[in-house]
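Participant: Mind having a look at this structure? Questions to follow.
Number of protein chains: 2
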Amino acid sequence: MGEGLKVAVVGATGAVGNMMIKVLEERNFPVKQLKLLASKRSAGRKLQFRNSEIEVQELTESSFDDVELALFSAGASVSRKFAPIAASKGCVVVDNSSAFRMEPDVPLVVPEVNPYALKHHKKIIANPNCSTIQMVVALKPLQDAAGIKRIIVTTFQAVSGTGQKAIFELEEQVKAWVHGKQLEPKVYPHQIAFNCLPHIGSFLDNGYSEEEMKMVNETRKIFEDNSIQVSATTVRVPVFYGHSESINVELKNPLTPDDVRDLLEKAPGVRVIDDPGSFKYPLPLDVAGSDITFVGRIRKDISVDNGIAMWVVADNIRKGAATNAVQIAEILQKESLI
Amino acid sequence: MGEGLKVAVVGATGAVGNMMIKVLEERNFPVKQLKLLASKRSAGRKLQFRNSEIEVQELTESSFDDVELALFSAGASVSRKFAPIAASKGCVVVDNSSAFRMEPDVPLVVPEVNPYALKHHKKIIANPNCSTIQMVVALKPLQDAAGIKRIIVTTFQAVSGTGQKAIFELEEQVKAWVHGKQLEPKVYPHQIAFNCLPHIGSFLDNGYSEEEMKMVNETRKIFEDNSIQVSATTVRVPVFYGHSESINVELKNPLTPDDVRDLLEKAPGVRVIDDPGSFKYPLPLDVAGSDITFVGRIRKDISVDNGIAMWVVADNIRKGAATNAVQIAEILQKESLI
Numbered sequence: 001m002g003e004g005l006k007v008a009v010v011g012a013t014g015a016v017g018n019m020m021i022k023v024l025e026e027r028n029f030p031v032k033q034l035k036l037l038a039s040k041r042s043a044g045r046k047l048q049f050r051n052s053e054i055e056v057q058e059l060t061e062s063s064f065d066d067v068e069l070a071l072f073s074a075g076a077s078v079s080r081k082f083a084p085i086a087a088s089k090g091c092v093v094v095d096n097s098s099a100f101r102m103e104p105d106v107p108l109v110v111p112e113v114n115p116y117a118l119k120h121h122k123k124i125i126a127n128p129n130c131s132t133i134q135m136v137v138a139l140k141p142l143q144d145a146a147g148i149k150r151i152i153v154t155t156f157q158a159v160s161g162t163g164q165k166a167i168f169e170l171e172e173q174v175k176a177w178v179h180g181k182q183l184e185p186k187v188y189p190h191q192i193a194f195n196c197l198p199h200i201g202s203f204l205d206n207g208y209s210e211e212e213m214k215m216v217n218e219t220r221k222i223f224e225d226n227s228i229q230v231s232a233t234t235v236r237v238p239v240f241y242g243h244s245e246s247i248n249v250e251l252k253n254p255l256t257p258d259d260v261r262d263l264l265e266k267a268p269g270v271r272v273i274d275d276p277g278s279f280k281y282p283l284p285l286d287v288a289g290s291d292i293t294f295v296g297r298i299r300k301d302i303s304v305d306n307g308i309a310m311w312v313v314a315d316n317i318r319k320g321a322a323t324n325a326v327q328i329a330e331i332l333q334k335e336s337l338i
Numbered sequence: 001m002g003e004g005l006k007v008a009v010v011g012a013t014g015a016v017g018n019m020m021i022k023v024l025e026e027r028n029f030p031v032k033q034l035k036l037l038a039s040k041r042s043a044g045r046k047l048q049f050r051n052s053e054i055e056v057q058e059l060t061e062s063s064f065d066d067v068e069l070a071l072f073s074a075g076a077s078v079s080r081k082f083a084p085i086a087a088s089k090g091c092v093v094v095d096n097s098s099a100f101r102m103e104p105d106v107p108l109v110v111p112e113v114n115p116y117a118l119k120h121h122k123k124i125i126a127n128p129n130c131s132t133i134q135m136v137v138a139l140k141p142l143q144d145a146a147g148i149k150r151i152i153v154t155t156f157q158a159v160s161g162t163g164q165k166a167i168f169e170l171e172e173q174v175k176a177w178v179h180g181k182q183l184e185p186k187v188y189p190h191q192i193a194f195n196c197l198p199h200i201g202s203f204l205d206n207g208y209s210e211e212e213m214k215m216v217n218e219t220r221k222i223f224e225d226n227s228i229q230v231s232a233t234t235v236r237v238p239v240f241y242g243h244s245e246s247i248n249v250e251l252k253n254p255l256t257p258d259d260v261r262d263l264l265e266k267a268p269g270v271r272v273i274d275d276p277g278s279f280k281y282p283l284p285l286d287v288a289g290s291d292i293t294f295v296g297r298i299r300k301d302i303s304v305d306n307g308i309a310m311w312v313v314a315d316n317i318r319k320g321a322a323t324n325a326v327q328i329a330e331i332l333q334k335e336s337l338i
């Protein structure tokens, strides 16, 4: 495969793992050798990368002996077990699970926001949660320009965030409905077709869900600012790809909606689509397949001083997961941090 | 039809008008005579009420000559023209459109919240917007107990709020998708199936939509408290029936989540479903067909002092429109205000 790194994708047959392979190819990441790893059940399947078919291998302790960079997306328990093994063998891990995100020694990185956090990594780097990534990309210019005091966010999250099984579940429920039938939910505790579930992840003692508290804790860690107050409500909606977020942000200093549009138009990884009178605002159906974070409905939050309301949409599997991980890998490679 | 009032339903063939007829029957409203009115196009259709079929008549200026109570749900322009005509003939109008809601002389009433506003009506009474109704029902006990300073709300609104055509549009788009096709949107500017549209009503100069500003202005009028600050983001989602709302409310005085649950459990028209660890929270699919406003996910808003976050769901065609109008009529009838 030419010059480059010996790379592994762990969880290669999942929704995010699959997309990681695609994004490595699209962005022409310098891959010398690609190893695809998954559970025993998926071993033997063949996946396309560039012009070759690669057989998926079972993930074992020796999988990382000849790997320099591993992108993990196989769930927190797999990461907890295998990422330290990979790191002990000199492999640098970019982990998409929640396993290490809040570890003080582990950089939690969104390339448009805090690339500098990569500098002193100790072989394991964490990819933030999908709903956090798109929010901090959109809020970074506001934090720099005016300082963020408080964020209220409500999410509209696509089923692809749960994985392939959930995409299949929504498909099957909709097909059953068209044929006058009803299917028992399996992946979610309730039917997702034609419904909204205010439930992502387990619930904690404070009444928030894990997903909601990720948006609080990860935002503070990425911005390195524990004074930012965050309250999140995360909701699963019957959408396949693309998370949408309704954000009300209270700033320390005033910014007009025009200021915010100007800042966001110059911000890396952001596109402003904001002409609602002409029916132009970001939509999950439109952003699927893109690596950009889209922002619209930018207006003064009329309920508070220095408030801004906005609508932020991104492809949760790409920018929310696979692309962000590959972008991290690109910096590591370019800055010789691997 | 026995004892009671001579009643008309204007817009009888629409989604809300149809439900008004059903709710009048279900709640055994004292109807002596029922006149069903609609546009010329719908005249001649027959609709069931109790044991008889009633033919829909064309709405004209003389339609109200023998009517004591008219429930209007045929859009703002029809109300603007015909409600004053009806009133001038001595008929009391309960109007579901936005035409008169903000008129100082017109009571804007949610029976669980401000029934007293009916006392001095001048023949026209306005039914609030669906998304406002369920919010104020859930917030009334908090306003009474602790005072509301600020409300941030994001809605997940069902297509039935737009009417029969929109229900049909979502159905047809989903059927087309199952057959591998795509349909041009007609009712909405974009596909609603598998999408979220942050656009309900026209957009105003301040960047908010009409629907969003209704939630601001109507809430203040119903609570008779212009000090309440509100910012709303209203979003159409691919759900048939049932609006959901993510609400963050900042109170003047502290209330714990348990206080809020206690208050809401005692509140009229409210049911608390709040055991998320056991998968119990209100869902639009579950509340369709009910007249109750359901509240769950009650927790401290951890981003502010005296903050409460909650999830509020109600059937937008029933409590959000038809039932609320019939409840108003019930008070008018019982208190001899007709």
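Which chain is which? The protein sequence lines are A and B, in order. Mind the numbering: the first sequence is residues 1 to 338 in the working numbering, read in order. Mind the numbering: the second sequence is residues 1 to 338 in the working numbering, read in order. C-beta atoms are modelled at their ideal positions from N, C-alpha and C, and glycine is treated no differently. Values in this document were obtained by computation on a predicted structure and should not be read as measured data.
#1: If you follow the alpha helix (DSSP H) that Phe-82(B) is part of, which residue opens it and which one closes it?
#2: Check for me: the beta strand (DSSP E) holding Gly-308(A) runs from which residue to which?
#3: Would you grab the beta carbon distance between Ile-328(B) and Ile-21(B) for me? Rounded to a whole angstrom, and I think it's under 8 Å.
#4: Give me whichever residues DSSP pairs with Gln-143(A) in a beta bridge.
#5: Which residues in the same chain as Phe-203(B) place their Cβ atom closer than 7 Å to its Cβ, once the five residues preceding and following it in sequence are excluded?
#6: Following the continuous beta strand (DSSP E) through Val-272(B), name the residue where it begins and the one where it ends.
#7: Could you check whether Ala-158(A) and His-243(A) sit closer than 8 Å to each other, using their CB atoms as the reference points?
#8: Could you pull out every residue in the same chain whose Cβ sits closer than 6 Å to the Cβ of Glu-61(B), ignoring the five residues on either side in sequence?
#9: Could you name the residues of chain B that Arg-297(A) contacts, counting a contact when the two beta carbons are closer than 8 Å?
#10: For the segment 216 to 248 of chain A, which residues have a CB atom closer than 8 Å to at least one CB atom of chain B, in sequence order?
#11: If you draw a straight line from the alpha carbon of Lys-81(B) to that of Lys-280(A), how long is it in whole angstroms?
#12: Along chain B, in chain order, which residues have C-beta atoms closer than 8 Å to that of Thr-162(A)?
#13: Just the C-alpha distance for Leu-183(B) and Lys-165(B), rounded to the nearest angstrom, thanks.
#14: Express the C-alpha separation of Ala-193(A) and Phe-156(B) in angstroms, rounding to a whole number.
#15: Which one of Val-237(B), Asn-306(B), Lys-140(B) and Glu-171(B) has the shortest CA to CA distance from Ser-257(B)?
#16: Compare the C-beta of Ser-303(A) against all C-beta atoms of chain B and say whether one is closer than 8 Å.
#17: At a CB distance below 8 Å, what residues from the segment 174 to 189 of chain B approach chain A? Give them in sequence order.
#18: In three-state DSSP terms, what is Glu-250(B)?
#19: Considering only the beta carbon of each residue, do Lys-175(A) and Val-178(B) sit closer than 8 Å?
#20: Taking CB distances under 8 Å as the criterion, tell me whether Ala-138(A) reaches chain B.
#21: Between which two residues does the alpha helix (DSSP H) harbouring Val-216(A) extend?
#22: Of the choices Gly-75(B), Val-109(B), Gly-161(B) and Gly-180(B), whose alpha-carbon is the least far from that of Lys-235(B)?
#23: What's the C-alpha gap between Glu-250(B) and Val-153(A)?
#24: Between Lys-300(B) and chain A, is the shortest Cβ-Cβ distance under 8 Å, so that the two count as touching?
#25: What in chain B is Cβ-close to Asn-195(A), meaning under 7 Å?
#26: By alpha-carbon positions, which one of Lys-266(B), Gly-277(B) and Ile-302(B) ends up nearest to Phe-294(B)?
#27: Alpha carbons only, please: which of Ala-12(B), Asp-105(B) and Cys-130(B) is nearest the one belonging to Gln-48(B)?
#28: In the segment 250 to 273 of chain B, which residues sit with their C-beta less than 8 Å from some C-beta in chain A, listed in chain order?
#29: Inspect the beta-carbon positions of Arg-101(A) and Val-304(B) and report whether they are closer than 8 Å.
#30: Between Leu-59(B), Arg-41(B), Ser-79(B) and Val-109(B), which lies nearest to Val-326(B) when the distance is taken from Cα to Cα?
#31: Let me see if you follow: with CB-CB separation under 8 Å, is Thr-154(A) close to chain B or not?
Facilitator: To lay it out plainly:
#1: 76 to 88
#2: Rather than Gly, the amino acid found at residue 308(A) in this sequence is Ile. Segment 307 to 314, the beta strand (DSSP E) holding Ile-308(A).
#3: Actually they do not touch by this definition, with Cβ atoms about 16 Å apart.
#4: Gln-143(A) pairs with nothing; no bridge assigned.
#5: Ser-209
#6: 270 to 272
#7: yes
#8: Ile-85
#9: Pro-198, Gly-207 and Thr-233
#10: Val-216, Gln-229, Val-230, Ser-231, Thr-233, Val-235, Val-237, Pro-238, Val-239, Phe-240, Ser-244, Ser-246 and Asn-248
#11: 33 Å
#12: Simply none; closest approach about 15 Å.
#13: 14 Å
#14: 14 Å
#15: Looking at the sequence shown, residue 257(B) is not Ser but Pro. With distances taken between Cα atoms, Pro-257(B) lies closest to Asn-306(B).
#16: yes
#17: When C-beta distances to chain A are compared with 8 Å, the residues of the segment 174 to 189 of chain B below that value are Val-174, Lys-175, Trp-177, Val-178 and Pro-189, in chain order.
#18: strand
#19: yes
#20: no
#21: 210 to 223
#22: It should be pointed out that residue 235(B) corresponds to Val in this sequence rather than to Lys. The residue with the shortest Cα to Cα distance from Val-235(B) is Gly-161(B).
#23: 15 Å
#24: yes
#25: Val-239, Leu-283, Pro-284 and Leu-285
#26: Answer by Cα proximity: Lys-266(B).
#27: Closest in C-alpha terms to Gln-48(B), from the list Ala-12(B), Asp-105(B) and Cys-130(B), comes Ala-12(B).
#28: Those residues of the segment 250 to 273 of chain B that come within reach of chain A (Cβ to Cβ, closer than 8 Å) are Pro-257.
#29: Their beta carbons are not under 8 Å apart, which means Arg-101(A) does not touch Val-304(B) by this criterion.
#30: Val-109(B)
#31: yes
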